[in-house]
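Its first residue numbered 1, the sequence shown is counted upward by one per residue in the UniProt record's numbering. Positions of the beta carbon are idealized from the N, C-alpha and C atoms, including for glycine. Note that the structure is predicted; figures quoted are calculated from it, not measured. Structure, as C-alpha cells:
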Amino acid sequence: MLMRAPSECGSWFWDLDDVTAPGLEAALETAARMSAVLRTHELLEPAAVEWNWFEVGTGGLGIHSRLDLAGRGLDDASVAGQVKACRPAGYPAAEMSSFLVVGSGVWIDADGNPHREPRLVELTVSPDPVSSWAELSVHHDVWARCDFRGRPHPSVHDRNAPRLAAALRDLDTLLGVPGEPGEPTYFGKAEGHGLKAPEMIDGLGPDLTDLL
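Here it is in C-alpha cells:
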C-alpha cells in the first residue's frame, strides 16, 4: 500500500496563454489530449472531473462538484454541457477557476509487479478566459530516489521515474511549451522532468513520515 503525501512531491506547470483557446470546451479538449498522453504511459485513466465554485468579488463558495465521465472522453460535448448544468442554482454567477481530472494509474514495485493506484498523478486544467494553464502533480514516493522514510529504493525509482519523465517530455511536445517545475514542498521538488535528489546523510534521505 502506498503512502500519499498531503501536498505534492513535485509539480509541473504549463502556461497555455496564446497556446490554447480560452473557455471550458477548449480546456476539456486540452485535458483530453493531455490525458491521452498520460494514458499511453499508464499514468492516468480518467474517471471523473472535480471542481470548486467561486464568484467574482466574493471568492470561494465552499461548493464542490464532481461529474463521473461514465466512459466518455473529456472532450465529449455532453461533458461540457453537464459541467455547466452543475452550477449552483442559488449562485447564477458562479464560475470555476480550474478542474481536476480524477482517475487511476499504474506504478511498479521493486519486483516488477504493476499496481493500480487512485490519483497516482493529478492533472488540473484551467478554463479561465484571462489566464489558461495546466498542471501535473505527484504525491507518492515511487518517483523519488528514496521512500518517505528516507530509505533508498533504486529498483522502485528506476521502474517508475523514467515513465514519468517520458510522459512529461511528451506533454511538452504536445503543448508546444515546456512545463515549469512548481514550488518545492516539504515532500519534494520537481527538477527537470523528475524529482530533485534528496540530501543524503549516512546513506539515508530525510524521514518525511512525521507529516504523513
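Query raised in the report: What do you get for D17, buried or exposed, if any count of 16 or more other CB atoms within 10 angstroms of its CB means buried?
Result: exposed
Query raised in the report: How would you label L136, buried or exposed, when you count the other beta carbons within 10 angstroms and need 16 or more for buried?
Result: buried
Query raised in the report: Under the rule that 16 or more other beta-carbon atoms within 10 Å means buried, what is H64, buried or exposed?
Result: exposed
Query raised in the report: From T20 to D172, what does the alpha carbon distance come to, in whole angstroms?
Result: 14 Å
Query raised in the report: Alpha carbon to alpha carbon, what distance is there between N52 and L61?
Result: 8 Å
Query raised in the report: With distances taken from CA atoms, which of Y186, W12, A47 is nearest V102?
Result: A47
Query - Residue from A80, F187, S35 whose Cα sits closest to the Cα of R4 - result: F187
Query raised in the report: In this structure, what does DSSP give as the bridge partners for G105?
Result: E117
Query raised in the report: Mind checking whether N160 and V177 have CB atoms under 8 Å apart?
Result: no
**Report entry** Within 8 Å, strictly: CB atoms of S104 and R87
**Finding:** no
**Report entry** Segment contact, 8 Å Cβ cut-off, at least three pairs: the segment 150-168 with the segment 76-87
**Finding:** no
**Report entry** Span separating the alpha-carbon of P22 from that of G150
**Finding:** 43 Å
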